[in-house]
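Below you'll find the structure, written out as structure tokens, and then a few comments.
2 protein chains.
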Amino acid sequence: MNEANDELAFEPHEEELLSRVAWHYYHDGLTQSEIGERLNLSRIKVSRMLDRGRKMGLIHVHINSSYGGCFALEARLQEIYGLDEARVIPAQETGNINDRLAEAASQYLMGRLKDQEMLAVGWGATVMGTLQRLARTLSYRDISLVSLTGGVSAYIEGVASGRSSQNVHLIPAPLVVSQENIAEAIRAERHVVEVMSMARTANYALVGIGAVADEATLIASGYASRSQFEIFRRQGAVGDIIGIFYDQNGEPLDLPFHKMLVGLDFGALSAIPQVIAAAGGPKKIDAIRAAARGGRIDVLITDEPTAQAIIEKDQA
Amino acid sequence: MNEANDELAFEPHEEELLSRVAWHYYHDGLTQSEIGERLNLSRIKVSRMLDRGRKMGLIHVHINSSYGGCFALEARLQEIYGLDEARVIPAQETGNINDRLAEAASQYLMGRLKDQEMLAVGWGATVMGTLQRLARTLSYRDISLVSLTGGVSAYIEGVASGRSSQNVHLIPAPLVVSQENIAEAIRAERHVVEVMSMARTANYALVGIGAVADEATLIASGYASRSQFEIFRRQGAVGDIIGIFYDQNGEPLDLPFHKMLVGLDFGALSAIPQVIAAAGGPKKIDAIRAAARGGRIDVLITDEPTAQAIIEKDQA
DNA sequence: GCGCATCGTGATCATATGATCGACGGAAAC
DNA sequence: GTTTCCGTCGATCATATGATCACGATGCGC
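Taken in sequence, the protein lines are chains A and B.
Sequential numbering from 1 applies to the first sequence in the UniProt record's numbering.
Sequential numbering from 1 applies to the second sequence in the UniProt record's numbering.
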């Protein structure tokens, strides 16, 4: 605060000197001592001038990369929603967005997973892609996999096939069944109970975020119908995580559909130390924003335009 | 110099990591050790990544121009010669002056070039250095490159190698040929005509300014002989731009040499909205001064002693 | 297969940098 | 005039940084 009103105006000569010092330092690669000798200044003074130059914004560092702009967004996301971490991948017209998110997510997890740890996985296209990319790492590095919901086995088997299958625990059931009492019965099965309680002990959860849109994977794979989605939307649903639909504040709705799910609920999900979500694309803006606002996730991996849109909505 | 053209291409993931490191270092003010911890890298590796980032031009330090530079001299140059802009870099005995000018020029252009724009480039050591520094920006930011003369391909290819080569248009010919009729024939070639007419549509032209001295790059690279230069000097030549020699008022001379050039003439050059020249050093004082007086250039990037000398000569 | 060169890595150490502290000097208050 | 406050300066020292070295992995040619 004290230096905030520190004279912003200084001698023109001072300005020139400062920029000269900055030039020598940053562009010519001279040391502060060398600059001092050359311009008859004490080394310490040169140091202070550079410091001042930086504080005043006279010296500006530009990161000349398509990633550059993303870091600012990451910082904002973390700040606004209290995320542990955010990853934003650069905008790019070409290429499937889910593939690129999966790539980023798998990279993130690779750097994060330690031996002996357990990763719980949800349901969705992005999650599947991530697991495919992770497959090799998982088998090399004694990492266990467990499913958060039913319906995962379909794609996870190919991924974790072979050697390390003893470390893979799946809920042997579909994601959604047709009747509430059937779901109850399945959830009571001993093996299902075991896997679900194991999932509660996972170190990380990897989930996708679904939009309430006709293109949703839930509809494409026959777990839900368009008319159901229309009803969900009327009730205020903006998105889903592991099959549970929530409103714009990230609060889970009370839907009959939820009673037919086989998998963990939001309470159990939140108990997992770190919930990592990978999702992006224009359709998912509201879904992601609500999840973040509601504290449903700890780590968000998304793309640049989506991040921008989310932040803008919470700006006002 | 030698390692300047070591592989400019690297893994996308590598680049992301590098950008992230740079961001933490320069924007968040973290130390290299802290970054290492955070990203699971050894401190030394972080240090090396930063080094590489700087060398590759991924990290750029910009010194705010409104304060930076050598104010008084810049203002005087603009005033006396009616330049759009002047950049003067501080004096320094050691270090290659061309490298420092190239640094300044690339910085200027980076701040100026917008997407979809086209930059036409001339011939010379400083231009080459500038392009090397710009390479990264150019490929990222949909900017087209076109040559103003022949003989450019030799050094531009390494620069624009790889991805964005569809945006690079070179005159496929040497700068100077041995006979007038050969030059005529080349200039009539369809492809050459095309590139030259494209060059006329460029938004900016980046050129060097050559002195009529034995050290000239034109002589060093075998395009002209000392005896030719001696003759040019007798005829009143004080400098050249894209191979065209002019007198002390910046008026092009009528030399046979010019008829053997493959490239644009002064009329076409002036038609480009902004002609940017980067040149400095004691040998080039008269050449630069004449170019400025004759209105051959719109933007001048030079060094302090040279600027001083030029102004002094026009003071009296 | 066996050197051989090359590269990337981390360890060690010299150097560069910036934080802290006391001293000096000028300006305002008394 | 003195005193006190404030800012600046340089000395000292802890830390951050980058240069050098040595090692192990990888790839190449013999």
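In this text, a Cβ means the ideal position worked out from N, Cα and C, and glycines have one as well.
*Would the beta-carbon of T302 (chain B) be found less than 7 angstroms away from any heavy atom of the ligand MN?*
Because no ligand of any kind appears in the structure shown, any question about the ligand MN cannot be addressed here.
*Quick one, which of A:L255, A:V176 and A:V238 has its alpha-carbon nearest G294 (chain A)'s?*
Within the first sequence, numbered from 1, the residue matching residue 294 (chain A) stands at position 294. Closest option to G294 (chain A), Cα to Cα, is A:V238.
*With C-beta atoms as the reference, is D84 (chain A) less than 8 angstroms away from V299 (chain A)?*
Counting from 1 along the first sequence, the entry for residue 84 (chain A) is found at position 84. Counting from 1 along the first sequence, the entry for residue 299 (chain A) is found at position 299. Judged by beta-carbon spacing, V299 (chain A) lies within the 8 angstroms limit of D84 (chain A), meaning their Cβ atoms are closer than that value.
_So the candidates are A:Q315, A:E312 and A:T306; which of them puts its Cα closest to the Cα of Q92 (chain A)?_
In the first sequence, residue 92 (chain A) corresponds to position 92, counting from 1. Nearest neighbour of Q92 (chain A) by Cα position, chosen from A:Q315, A:E312 and A:T306, turns out to be A:T306.
*Residues of chain A with CB under 8 angstroms from L119 (chain B), in chain order?*
Position 119 of the second sequence holds residue 119 (chain B). The premise fails here: L119 (chain B) is roughly 16 angstroms from chain A at the closest Cβ pair, so nothing lies under 8 angstroms.
*CB I242 (chain B) to CB L148 (chain B), shorter than 8 angstroms?*
In the second sequence, the residue the question calls residue 242 (chain B) occupies position 242. In the second sequence, the residue the question calls residue 148 (chain B) occupies position 148. In terms of Cβ geometry, I242 (chain B) and L148 (chain B) form a close pair [threshold 8 angstroms].
_Beta-bridge pairing of L119 (chain B) - partner residues as DSSP gives them_ = By 1-based counting over the second sequence, the position of residue 119 (chain B) is 119. Looking at the DSSP assignment, L119 (chain B) forms a beta bridge with B:L145 and B:Y204.
*Contact with chain B by D6 (chain A), beta-carbon distance below 8 angstroms*: The count along the first sequence starts at 1 and reaches residue 6 (chain A) at position 6. For D6 (chain A), the pLDDT reaches just 36, beneath the cut-off of 50, and the residue's location in the model is therefore unreliable, although a value from the coordinates is still provided. Cβ-Cβ to chain B under 8 angstroms: no for D6 (chain A).
*According to the neighbour-count rule (16 or more other Cβ atoms, all chains shown, within 10 Å of its Cβ), is I186 (chain A) buried or exposed?*
Against the first sequence, residue 186 (chain A) aligns to sequence position 186. By the neighbour-count definition (other C-beta atoms within 10 Å, threshold 16), I186 (chain A) is a buried residue.
*asked:* Between I311 (chain A) and chain B, is any beta-carbon pair separated by less than 8 angstroms?
replied: Here residue 311 (chain A) refers to the residue found at position 311 when the first sequence is read from its first residue. No, its Cβ sits nowhere closer than 8 angstroms to a Cβ of chain B.
_For the pair the segment 252–267 of chain B and the segment 276–291 of chain B, tell me if three or more CB-CB distances fall below 8 angstroms._
No: fewer than three Cβ pairs fall under 8 angstroms.
*Could you tell me whether the Cβ of L77 (chain B) comes closer than 8 angstroms to any Cβ of chain A?*
Taking the second sequence and counting its residues from 1, one reaches residue 77 (chain B) at position 77. Residue contact check for L77 (chain B) against chain A: no CB pair falls below 8 angstroms.
*Helix, strand or coil for D28 (chain A) per DSSP?*
Within the first sequence, the letter at position 28 stands for residue 28 (chain A). Correct three-state label for D28 (chain A): coil.
*May I have the straight-line CA-CA distance separating H169 (chain B) from Y223 (chain B), to the nearest angstrom?*
Locating residue 169 (chain B) in the second sequence gives position 169, where the first residue counts as 1. Locating residue 223 (chain B) in the second sequence gives position 223, where the first residue counts as 1. Y223 (chain B) has its alpha-carbon roughly 22 angstroms from the corresponding atom of H169 (chain B).
*Which of helix, strand or coil does DSSP assign to A135 (chain A)?*
Stepping through the first sequence from its first residue, residue 135 (chain A) is reached at position 135. Of the three classes helix, strand and coil, the one that applies to A135 (chain A) here is helix, per DSSP.
*Do Q228 (chain B) and F257 (chain B) have their C-beta atoms within less than 8 angstroms of each other?*
Along the second sequence, one-based indexing puts residue 228 (chain B) at 228. Along the second sequence, one-based indexing puts residue 257 (chain B) at 257. It is a contact, given that the beta carbons lie within the stated cut-off.
_Run through chain A and tell me which residues come within less than 8 angstroms of Y26 (chain B), C-beta to C-beta._
Here residue 26 (chain B) corresponds to residue number 26 of the second sequence, with the count starting at 1. Under the 8 angstroms cutoff, chain A gives V61 and I63.
*asked:* Under 8 angstroms, CB to CB, which of the residues in the segment 99–128 of chain A have a partner in chain B?
replied: Of all residues in the segment 99–128 of chain A, the ones placed with a Cβ closer than 8 angstroms to any Cβ belonging to chain B are Q107 and G111, in chain order.
*According to the Cβ coordinates, are S47 (chain B) and Y67 (chain A) closer than 8 angstroms?*
In the second sequence, residue 47 (chain B) corresponds to position 47, counting from 1. In the first sequence, residue 67 (chain A) corresponds to position 67, counting from 1. Cβ atoms of S47 (chain B) and Y67 (chain A): not closer than 8 angstroms.
*Give a yes or no on whether the minimum CB-CB distance between I35 (chain B) and chain A is below 8 angstroms.*
Along the second sequence, read from residue 1 onward, the residue named residue 35 (chain B) stands at position 35. No, its Cβ sits nowhere closer than 8 angstroms to a Cβ of chain A.
*Could you spell out where the alpha helix (DSSP H) holding E246 (chain A) opens and where it closes?*
Indexing the first sequence from 1 puts residue 246 (chain A) at position 246. The question names Glu, but residue 246 (chain A) in the sequence shown is Tyr. No alpha helix (DSSP H) holds Y246 (chain A); the beta strand (DSSP E) holding it covers I244 to Y246.
*Specify, as a first and last residue, the run of the beta strand (DSSP E) that G239 (chain A) falls within.*
The sequence position of residue 239 (chain A) within the first sequence is 239, counting from 1. Bounds of the beta strand (DSSP E) holding G239 (chain A) are G239 to I241.
*Assuming V146 (chain A) and V195 (chain A) make a contact with CB atoms under 8 angstroms, what is their CB distance in whole Å?*
Taking the first sequence and counting its residues from 1, one reaches residue 146 (chain A) at position 146. Taking the first sequence and counting its residues from 1, one reaches residue 195 (chain A) at position 195. So it is a contact: roughly 6 angstroms between Cβ atoms.
_Residues that L83 (chain A) contacts on chain B, provided the C-beta gap is smaller than 8 angstroms_ = For this step, residue 83 (chain A) is matched to residue 83 along the first sequence. Neighbours of L83 (chain A) across chain B, judged by C-beta separation under 8 angstroms, do not exist; the nearest C-beta is about 15 angstroms away.
*Ordered along the chain, which non-local residues of its own chain (more than five positions away) have a Cβ less than 6 angstroms from that of V176 (chain A)?*
What you label residue 176 (chain A) is simply residue 176 of the first sequence in a count that begins at 1. Hits under 6 angstroms: Y223, M260 and L261.
*How many angstroms separate the CA atom of L113 (chain B) from the CA atom of T201 (chain B)?*
One-based indexing of the second sequence puts residue 113 (chain B) at position 113. One-based indexing of the second sequence puts residue 201 (chain B) at position 201. Between L113 (chain B) and T201 (chain B), the C-alpha separation is close to 15 angstroms.
*Taking the C-alpha atoms as reference points, what is the distance between Q78 (chain A) and V212 (chain A)?*
By one-based count along the first sequence, residue 78 (chain A) stands at place 78. By one-based count along the first sequence, residue 212 (chain A) stands at place 212. So the alpha carbons of these two residues sit roughly 25 angstroms apart.
*Express the C-alpha separation of G210 (chain A) and M131 (chain B) in angstroms, rounding to a whole number.*
On the second sequence, residue 131 (chain B) is found 131 positions in, with the first residue counted as 1. On the first sequence, residue 210 (chain A) is found 210 positions in, with the first residue counted as 1. Correcting the residue identity first, residue 131 (chain B) is Leu in this sequence and not Met. So the two alpha carbons sit approximately 46 angstroms from each other.
_Same chain only: Cβ atoms within 8 angstroms of S42 (chain A), ignoring 5 sequence neighbours per side_ = The residue labelled residue 42 (chain A) in the question sits at position 42 within the first sequence. Leaving aside the five residues that flank S42 (chain A) on each side, the residues in its chain whose CB is nearer than 8 angstroms to its CB run, in chain order, G36.
*asked:* Spatial neighbours of A22 (chain B) within its chain, please: C-beta separation below 6 angstroms, excluding the five flanking residues on both sides.
replied: Position 22 of the second sequence holds residue 22 (chain B). The residues are G53 and I59.
*Can you name the start and end residues of the beta strand (DSSP E) that D303 (chain B) belongs to?*
In the second sequence, the residue the question calls residue 303 (chain B) occupies position 303. DSSP places D303 (chain B) in the uninterrupted beta strand (DSSP E) bounded by V299 to D303.
*asked:* By the three-class DSSP mapping on this structure, what secondary structure does P256 (chain B) have?
replied: Sequence index remark: in the second sequence, residue 256 (chain B) carries index 256 (1-based). Three-state result, P256 (chain B): helix.
*Report the three-state DSSP secondary structure of L261 (chain A) (helix, strand or coil).*
For the purposes of this step, residue 261 (chain A) is taken as residue 261 along the first sequence, with counting starting at 1. Reduced to three states, the DSSP call for L261 (chain A) is strand.
_Exposure label - G57 (chain A); buried when at least 16 CB within 10 Å_ = Position 57 of the first sequence holds residue 57 (chain A). The residue is exposed, with fewer than 16 neighbouring Cβ atoms inside 10 Å.
_Assuming A205 (chain A) and L269 (chain A) are in contact, meaning their beta carbons sit under 8 angstroms apart, how far apart are those beta carbons, in whole angstroms?_
Position 205 of the first sequence, counted from the start, is the residue given in the question as residue 205 (chain A). Position 269 of the first sequence, counted from the start, is the residue given in the question as residue 269 (chain A). Indeed, because the Cβ distance is near 6 angstroms, the residues count as touching under 8 angstroms.
*F232 (chain A) and L255 (chain A) look like a contact to me (Cβ under 8 angstroms); what is the Cβ gap, rounded to whole Å?*
Along the first sequence, one-based indexing puts residue 232 (chain A) at 232. Along the first sequence, one-based indexing puts residue 255 (chain A) at 255. Cβ atoms of F232 (chain A) and L255 (chain A) come within 8 angstroms of each other, at about 7 angstroms.
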